[in-house]
Amino acid sequence: MKLTKRSDQIPAQPGNDSNSGMASGRSAISRRAFLRNSGLMAGGAVLASSYTPGMIKRVQAAESATAGEVQQIKTICTHCSVGCGIIAEVENGVWTGQEPAFDHPFSHGAHCAKGASVREHGHGERRLKYPTKLVDGKWKRISWDEAINEVGDKMLQIRESSGPDSVYWLGSAKHNNEQAYLFRKFAALWGTNNVDHQARICHSTTVAGVANTWGYGAMTNSYNDIHFSRSILLIGGNPAEAHPVSLQHIFRAKERNNAPLIVVDPRFTRTAAHADQYLRLRPGTDVPLIWGMLWHIFQNGWEDKEYISQRVYGLDEVRKEVAKWTPDEVERVTGIPEHQVFAAIKTMADNRPGTLIWCMGGTQHSIGNNNTRAYCILQLALGNVGVAGGGTNIFRGHDNVQGATDLGVLMDTLPGYYGLSEGAWKHWAGVWDLDFEWLKGRFDDGTYAQGNGKEVSQMNAAGIPVSRWIDGVLEDKANIAQKDNVKAMVLWGHAPNSQTRGKEMKSAMEKLDMLVIVDPYPTVSAVMHDRTDGVYLLPASTQFETSGSVTASNRSLQWRDKVIEPMFESLPDQTIMYKFAKKLGFGEQLVKNIQLNGEEPLIEDITREYNRGMWTIGYTGQSPERMKKQQQNWGTFDYDTLLAEGGPCDGEHYGLPWPCWGTAEMGHPGTPNLYDTSKTVAEGGLTFRARFGVERNGESLLANGSYSKGSEIKDGYPEFTDELLQKLGWWNDLTQEEQKQAEGKNWKTDLYGGIQRVAIKHGCSPFGNAKARTVVWTFPDPVPIHREPLYTSRRDLVEKYPTYEDRKSFFRLPTRYASIQAKDYSKDYPLILTSGRLVEYEGGGDETRSNPWLAELQQEMFVEINPRDANNAGIKDGDDVWLEGAEGARLKVKAQVTRRVASGVAFMPFHFGGHFEGKDLRSKYPEGADPYVLGEACNTAMTYGYDSVTQMQETKCSLCKISKA
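In our numbering, the protein residues as written are 52 to 1016.
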């Protein structure tokens, strides 16, 4: 079937042609032609000529709107984590036009295809328009009151019979910060830690690996700071398609500094096409490559010895592991020739500071935490952390996946990464002004054995990760560390096709007592199962129909203004949360200190509440007023440093990147680059965090003669507490009110912020001054090592590099490793299967495939296959093929024969859904809510496999076979 443009832009409904492609009427366009002729140009910007004539014109903000007057409203793109600025043109309440924000500090007027089409998201005709439920296999329209009452009654019934843990609250990286925070609070008041969001399956291994190396699990620098890089190593990422506007920052370094770009990827991507050096990696061998690079560093003495002596702990233990990775062994395992590895790392050594960028290609592995820690160790060895132009720049995928993670929409922590200890709960009970014992009583009072054999109360036990919710449903109850199986799933802004093991997910959906989907679009949750009842679709508003803050990948918070009122019968997420909370009996507690506008909690009050509690990572200084002031003064910030040059925000860094210490009144400017000791802490400088104690095995973990500019302590020091202030003689620097609050507290729990204020006054980091650690003694692999993927095509390497033993209880569930790897699947499934993103679509694709402008660009799900493999299977470009995963799932897709992938490797994008094992499911969508483009979900064929620390799913190195259909 040819790829065609659709003339009427109306998808086929039951009884019509149900092909996923659009009806013919315009000339065909292939993906190759699209990529060749795309408007996406160098720097990630859209060609000026591709804008419509009315799109580029002077923007004049209107002070107030009158009839027929066009308002100019500032907002932020809702796709990837770059955080591009958008100016919406609204006339009489209708969003009529869109302008790029030419003075925006991150995007400077650039858009990608997705960002240029967000107006359609607000006014999209394929959205859910009203609440519906599935009755006898048909979608029935119901009222909001009916939906809240029916769903609430069922939840209360499940709570009574099976306990609060049997309802799973799956949140979203598409929520703004305020909604994410309220969602985590909501789950806590319901009484469960069975709450999570997309970060579990995209960057949880980043958070774990990076936080356990130097203190915070986030991007250290910023997109703009790449302007100062003198070399760039990019591994497991394709920003040209996933984060297109980020390329303008990479290209600025290339043009300004002649910075070489080194790209490591199994696939020759559009990003690799811009590389000075390209290294084709066998999927799943990141650690051998990084250790191979370090081998050359140590052999040639290229490490930064003074930096290591002052700021790095444990590198001698890493040296022992690196010594095993000689050039010939690295080439044998990774497939990369020795001279390429040597040339790449010599380039990095000769061009400092250099930055290291990674994305999901490095994280989605059963040893993902090993990968991310290895990347960090490489940068530490080169002295590239805590300097402008250096750092680890981790490009995150959703517009607020960073913020939703920070706000604690996770099964193992409360907002701000406080964890789940009794002290953490008491801290947040104090912030919420709730009785701790009442809060404790909301949880199941049973105790269940965890993986370490200890019995822990459910309030303090991590919940089931979203990557494993299907096992929470299907696993034998006797094997789950909670009272009963998961009985009801609430998928709130989540695309299930972004998760692996699609066939088992279908079974889990069918076994649930109830499935609730809250989203602007139905997602494939509405159709991938064969249920005939017990499914509810509740229409949430988009982020353009509410206001609030959103955190970009570089830790900067940006304010969105409401562009339009909620369309159809959709409601803002915070309103839906309050409606459910009232029904479930804790509405008063949810909004105790939050003003209501009818049933809509006031966004600004939610911001102020998390400002009161999130001292750990400095989400305390970004008041609504400060964020709004920055939004109205975008153009006053320097494009390179993100520092305001005069004007109302003079001296502040754009977005007040966290940590923004103390209270808003303290006026901290935000921290642009983490761990930069060349600035005072008051100006945004920092040391490494003293998070892991002060000594290990008799050796000090504190920094050795390294400290922030202006620090009165000229050496390492522990985190600040009331006792430390008194020992230092700084206690009387607190006011009397601050002393009352600070007594018995530390920098994380002092709600007045006095401890932080005084520490910074004396030039010190509130969290202490320690060495980064390269050995994480609490992890399964204290020093990162290579382990072959569970489904590996290299059986010759399994004995030397085996996976882990199976685990009995890991986040409440048994987890398999060795029992899978023991079987040789490679004879029947000879091709390595990996996945990634396209420029046209985002995430699970429901929103972007429902956008007629984007849907025309890529209408077919496909698999890339090397000519050698295609010829051996009798497959030609454009053929229909069956791709079968190693666990038996079969997908019918188009073949794209290309040398972008090596022989023995196949690639699929993960944005498609609506087909399942060759069956078109369009007829199962609610009328008028089916996306324009449907296709097989690649994750249906992706197999079992989870990271040893975070339960990140393994999507980058499974196995498959491909045959002509």
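No residue lacks a Cβ here, since even glycine has one placed at the ideal position from N, Cα and C.
| Check | Outcome |
| --- | --- |
| Under the three-state DSSP convention, the category Ala-603 falls into | coil |
| Those residues which DSSP pairs with Arg-1092 across a bridge | Any question about residue 1092 goes unanswered here, given that the chain covers just 52 to 1016. |
| DSSP-derived helix/strand/coil call for Ile-127 | strand |
| Cβ pair Ala-269, Gln-453 closer than 8 Å | yes |
| Cβ neighbour criterion (16 or more within 10 Å) applied to Trp-353 | buried |
| Straight-line Cα distance separating Trp-483 from Gly-492 | 16 Å |
| Backbone CA spacing between Thr-103 and Gln-149 [nearest angstrom] | In this prediction, Thr-103 scores a pLDDT of 37, lower than 50, which makes its location untrustworthy; no coordinate-derived value is stated. |
| Expected contact under 8 Å - CB spacing of Val-614 and Ala-139 to nearest Å | 4 Å |
| Three-state secondary structure (DSSP) of Ser-217 | helix |
| Contact the stretch 918 to 934 vs the stretch 859 to 870: 3+ CB pairs below 8 Å | no |
| Three-way DSSP call (helix, strand, coil) for Ser-751 in this model | strand |
| Coil, strand or helix - His-390 by DSSP | helix |
| Proximity below 8 Å, CB of Gly-718 to CB of Ile-811 | no |
| Check whether Ser-223 and His-545 have beta carbons under 8 Å apart | yes |
| Element boundaries [alpha helix (DSSP H), containing Cys-427] | 419 to 432 |
| CB contact flag (Thr-728, Ser-759, <8 Å) | yes |
| Three-way DSSP call (helix, strand, coil) for Gln-947 in this model | strand |
| Length of the line joining the Cα atoms of Gly-599 and Ile-657 | 9 Å |
| Three-pair Cβ contact test at 8 Å for the stretch 246 to 261 versus the stretch 449 to 465 | yes |
| Distance, Leu-779 Cα to Gly-448 Cα | 44 Å |
| Boundaries (first-last residue) of the beta strand (DSSP E) holding Val-186 | 183 to 186 |
| Other residues of its chain near Ala-475: CB distance less than 6 Å, five sequence neighbours each side excluded | Leu-465, Tyr-469 |
| Other residues of its chain near Ala-262: CB distance less than 6 Å, five sequence neighbours each side excluded | Gly-268 |
| Nearest candidate by alpha-carbon position, reference His-278, set Ser-255, Asn-309, Ile-252, Pro-977 | Asn-309 |
| Whole-angstrom C-beta distance between Pro-317 and Val-381, which should lie under 8 Å | About 16 Å; that fails the 8 Å criterion. |
| Alpha carbon of Lys-505 to alpha carbon of Asn-511, nearest angstrom | 12 Å |
| His-254 versus Gln-1004, Cys-1008, Lys-1015, Ser-1009, residue with shortest Cα-Cα distance | Gln-1004 |
| Residue range of the beta strand (DSSP E) that includes Val-932 | 931 to 936 |
| Outcome for Ser-974 when other beta-carbon atoms lying within 10 angstroms are tallied against a minimum of 16 | exposed |
| Close Cβ partners of Gly-434 (< 6 Å) along its chain, the five nearest in sequence each way excluded | Asp-355, Tyr-358 |
| Short Cβ contact (8 Å threshold) for Thr-671 with Gly-895 | no |
| Member of Asn-748, His-294, Gly-964 whose CA lies at the smallest distance from the CA of Tyr-364 | Asn-748 |
| Through-space distance from Phe-688 to Ser-816, alpha-carbon basis | 25 Å |
| Neighbourhood of Ile-193 by C-beta, 7 Å cutoff - its chain only, sequence neighbours within 5 removed | Pro-182, Thr-183, Lys-184 |
| Where His-416 sits in the DSSP three-state scheme | coil |
| Contacting residues, own chain, Cβ-Cβ under 7 Å from Asn-990 (five flanking each side not counted) | Asn-548, Ser-549, Gln-550, Thr-551, Gly-553, Phe-961, Thr-1006 |
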